[in-house]
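Q: Position one of the sequence shown corresponds to residue 345 (my numbering), numbered consecutively onward. Yeah, the Cβ is synthetic: ideal placement off N, Cα and C, and Gly gets one too. Since the model is a prediction, treat every value here as computed from it, not as a measurement.
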Amino acid sequence: MMLGAGVLLQAATPDEPSTRWYRGNTHTHTLWSDGDAPPEHAVRWYADHGYQFLVLSDHNVMQEGERWFEIGEGGRLTPARVRELVERSPEGWVETRELEGTRSMRLKDLGELKAAFERPESFLLIPGEEVTDRYRMAEIHLNALNLAGVIEPQRGESVAATIQNNLDAIAAHGRRHQRPVLGHLNHPNFRTSLGVEHLAGLRGERFFEVYNGHRSADNEGASAPDSTEAMWDKALVLRLHEGAGDGGLLYALATDDAHDHYEVDAVSVPGRGWIMVRAERLEADSIIEAMRRGDFYASTGVALRSLESDGRTIRLEVDERPGVAYTVEFIGARATDGDRRPLAEVLQSGTGPRASYRFTGDELYVRARITSDRAHPRPYAAGDLEQAWTQPVRPAKGAGDEPDPEG
Ligand SMILES: [Zn+2]
Ligand SMILES: [Zn+2]
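Next up, the structure:
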């Protein structure tokens with residue numbers, strides 16, 4: 345399959361291996377860092393709620409080694425939570441100890457979690473970490489997926505250098521351990537830390553969070569110059585029109601960034617945002633490689649029955665819920681002559697579960713946003729509707745030259 349320009353999303357043909365859609369969340373915290381739940385509590389929620397893969401992305405740590413967490417009223421691990429865990433777990437699973445008057449519980453490591461929860465083609469834990477760095481007041485967080493071990497924050501002499509150093513470290517880790525890895529830049533508007541230039545201008549930057557379920561993420565850009573979605577379009581224009589960064593596409597994820605695992609309505613709960621990845625197998629390498637091909641979409645509730653593009657037409661069909669209406673917008677930017685910088689706009693819009701967009705050939709890229717009229721059951725903000733965002737696609741060479749076969 346051709347990468348990058350042109351053919352991005354292909355239907356499986358008899359000659360190709362068949363693919364499936366897998367639902368996953370790549371951003372969740374546990375007691376290994378600042379989440380409020382033992383890892384098995386967090387993992388069980390996802391395994392029980394229709395997810396096929398999960399990345400526990402604790403800050404600057406992976407779930408490895410022996411770690412005891414203090415049990416206490418008023419702390420994150422209360423006696424009631426330990427009792428609940430004991431009741432829901434097999435005999436002997438929960439280990440507690442008392443040392444010098446302090447009771448603690450041992451945190452399960454990733455190997456134990458994998459042994460307890462993974463099932464072939466049904467549920468997978470992908471090792472990862474939120475590489476948590478900063479430059480002055482800017483929070484610079486990148487999730488690194490499919491790691492063989494922890495990556496330390498790399499620091500840097502500017503915001504851009506700090507991001508670049510961490511991206512480079514993630515790529516070097518993949519080369520050193522000979523495995524496909526992926527880094528996604530998180531919540532760019534958190535504390536107004538990052539700008540469009542940081543999504544556009546860096547080497548090897550391919551992924552960012554257009555939707556982060558943590559209520560401090562400011563996806564909408566209330567206290568930042570742009571919403572994360574507007575940043576995405578501006579960064580794509582800078583890349584594709586002006587060759588910023590290494591000129592490639594930028595792909596978007598939706599994630600939970602869950603810390604609050606015992607509530608439905610809190611700052612960051614599981615179940616707000618996820619990705620759907622079209623891969624050959626439910627294995628870490630296969631999932632990561634599919635994402636690197638751009639063969640995934642971001643969702644806060646809308647699921648797609650099909651999504652195809654050959655660089656001439658994008659076709660999609662929503663997996664309809666009864667009684668729910670859908671609006672499909674194709675968003676993109678057209679190449680311009682001279683110095684005028686193209687602006688992203690809605691190129692085509694319609695209602696109904698099926699939509700197709702035919703390239704005219706002068707687009708820099710086109711992506712789709714699907715918005716339902718169904719309220720999100722676990723909203724980031726009151727009034728949120730369930731949505732999905734597909735990845736940008738560039739027109740194939742010669743797109744728009746032939747007459748539309750469908751008239
Ligand atoms: Zn973060
Ligand atoms: Zn996080």
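1) What separation, rounded to the nearest whole angstrom, lies between the Cα atoms of PRO739 and LEU708?
2) Find out if the Cβ-Cβ distance for the pair ALA743, GLY655 is shorter than 8 Å.
3) Pull up the CB-CB distance for ALA602 and SER643, whole angstroms please, since I reckon it's below 8 Å.
4) Run the Cβ filter for me: residues under 5 Å from any heavy atom of ligand 2, listed in the order they occur in the chain.
5) Can you tell me the Cα-Cα spacing of THR372 and ARG718, whole angstroms?
6) So, PHE473 versus MET575, is the Cβ gap smaller than 8 Å?
7) Tell me, which residues are paired with PHE552 by DSSP?
8) Using the Cα positions of GLY589 and GLY500, report the straight-line distance between them to the nearest angstrom.
9) If you follow the beta strand (DSSP E) that THR476 is part of, which residue opens it and which one closes it?
10) Considering only the beta carbon of each residue, do TRP733 and TYR670 sit closer than 8 Å?
11) Under a three-way DSSP split, which group does ARG622 fall into?
12) In the DSSP assignment, the beta strand (DSSP E) including GLU414 goes from what residue to what residue?
13) Mapping DSSP to helix, strand and coil, what is GLY455?
14) Around the C-beta of ASP378, are 16 or more other C-beta atoms found within 10 angstroms, so that it is buried, or is it exposed?
15) Which value, in whole angstroms, describes the spacing of the CA atoms of ALA492 and ARG622?
16) In whole angstroms, give me the CA-to-CA distance for ALA712 and PRO686.
17) Closest to ALA482 by CA distance: which of GLU624, ASP639, LEU626, HIS531 is it?
18) Quick one: what's ARG463 bridged to in DSSP?
19) Bridge partners of GLU483, per DSSP?
20) For ARG702, which of ASP681, LEU660, GLY667 has the nearest alpha-carbon?
21) Closer than 8 Å is the cut-off here; do at least three beta carbon pairs connect the region 396-413 with the region 454-474?
22) Decide yes or no for the touch test of the region 521-536 against the region 559-568: beta carbon pairs closer than 8 Å, at least 3 of them.
23) Would DSSP call MET449 helix, strand or coil?
24) With a threshold of 16 other CB atoms inside 10 Å of the CB of SER502, please say whether the residue is buried or exposed.
25) Output the boundary residues of the beta strand (DSSP E) element that contains GLY518.
26) If we count the other Cβ atoms within 10 Å of its Cβ and call it buried at 16 or more, is PRO697 buried or exposed?
27) Give the DSSP bridge partners of ASN369, in chain order.
28) Cβ of HIS528 within 7 Å of any heavy atom in ligand 1?
29) Who are the near neighbours of TYR606 in its chain, counting only those whose CB is closer than 6 Å to its CB and skipping five residues on each side?
30) With distances taken between CB atoms, is the gap from ALA679 to ASP706 smaller than 8 Å?
31) Compare the Cα-Cα distances from ASP453 to each of GLY436, THR374, GLY409, PRO464 and report the closest residue.
32) Is it the case that the Cβ atoms of ALA391 and THR374 are separated by a distance below 8 Å?
33) Once the 5 residues before and after HIS521 are set aside, which same chain residues still bring their CB inside 7 Å of it?
34) Excluding the five sequence neighbours on either side, which residues of its own chain have a C-beta within less than 7 Å of the C-beta of ASP663, listed in chain order?
35) Alpha carbon to alpha carbon, what distance is there between SER362 and HIS585?
36) Can you tell me whether ASP380 is buried or exposed, with buried defined as 16 or more other CB within 10 angstroms of its CB?
A: The answer reads as follows:
1) Answer to the nearest angstrom: the Cα atoms are 7 Å apart.
2) yes
3) So it is not a contact: roughly 16 Å between Cβ atoms.
4) GLU474, ASP601
5) 25 Å
6) Here residue 473 turns out to be Glu, not Phe, going by the sequence shown. Result no, Cβ atoms of GLU473 and MET575 do not sit closer than 8 Å.
7) LEU529, ALA596
8) GLY589 and GLY500: Cα-Cα distance of roughly 18 Å.
9) 472-479
10) no
11) Taken through DSSP and simplified to helix, strand or coil, ARG622 comes out as strand.
12) From DSSP, the beta strand (DSSP E) with GLU414 extends over 412-414.
13) helix
14) Exposed is the call here.
15) 23 Å
16) 18 Å
17) When each option's Cα is compared against that of ALA482, the closest is HIS531.
18) PHE467
19) ARG478
20) LEU660
21) yes
22) Three or more beta-carbon pairs separated by less than 8 Å link the region 521-536 to the region 559-568, which places the two stretches in contact.
23) strand
24) exposed
25) Counting along the chain, GLY518 falls outside any beta strand (DSSP E), though it belongs to the alpha helix (DSSP H) covering 503-521.
26) buried
27) DSSP, once it has assigned bridges, lists LEU398 as partnering ASN369.
28) no
29) The answer is none, since no qualifying residue turns up.
30) yes
31) GLY409
32) no
33) ALA492
34) Sequence-distant Cβ neighbours of ASP663 in its own chain, meaning closer than 7 Å and more than five residues away, are ALA647, LEU648, ARG649.
35) Roughly 35 Å between the two C-alpha positions.
36) buried
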